[in-house]
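K.L.:
Residue numbers (this note's numbering): 1393 to 1510.
Idealized CB from N, CA, C, for every residue including glycine.
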Amino acid sequence: MILRRLSEEAGLDEPADTTTLAAFATRQSRTEFVLQRRRLIGGEGRVKELMRVNDEMGRGEEPMKGKVGALEGEKEAIKLSVTETEEKAKKLSEELKALKVKLIETERSNRQLIFYKG
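1) Where do the N-terminal and C-terminal ends of the alpha helix (DSSP H) with Gly1461 fall, by residue?
2) Between the C-alpha atoms of Glu1468 and Gly1461, what's the straight-line distance to the nearest angstrom?
3) For Met1413, is the classification buried or exposed, using 16 other Cβ atoms within 10 angstroms of its Cβ as the cut-off for buried?
4) Below 7 angstroms, is the gap between the Cβ of Gly1452 and the nearest heavy atom of the ligand GDP?
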């Protein structure tokens, strides 16, 4: 049964003798071995390439972490600056209100003086 199948795969019209079939099977095995070997080499090459890319990405991660840290520091400095500016603006707003009240009182006082003199 196996010999008949090998003969059919070999493209032989009639069953061959055992020696011919053994030679055919040996060639088929060698061909299959060469193909598998090429696939293995190609796979190993791909694995090496992926490992190299992974290493490069890992090395690129460290500078990025440093940049992120620097940017976070800048962010905190900006937040602090904004908070300080808001506090100054609030203080100046309160001073402005106090000056407006003082201006109104001064104007009232001036009117009273003008009224008494006039």
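P.N.:
According to the data block:
1) Here the question's residue 1461 lines up with position 69 in the sequence shown. From DSSP, the alpha helix (DSSP H) with Gly1461 extends over Thr1410 to Lys1509.
2) The sequence position of residue 1468 within the sequence shown is 76, counting from 1. The sequence position of residue 1461 within the sequence shown is 69, counting from 1. Taking the straight line joining both Cα atoms gives about 11 angstroms.
3) Reading the sequence shown from its first residue, position 21 is the one you call residue 1413. Checking the displayed sequence, the identity of residue 1413 turns out to be Leu instead of Met. Buried: at least 16 other Cβ atoms inside 10 Å.
4) Ligands displayed in this structure: none; no statement on the ligand GDP is therefore possible.
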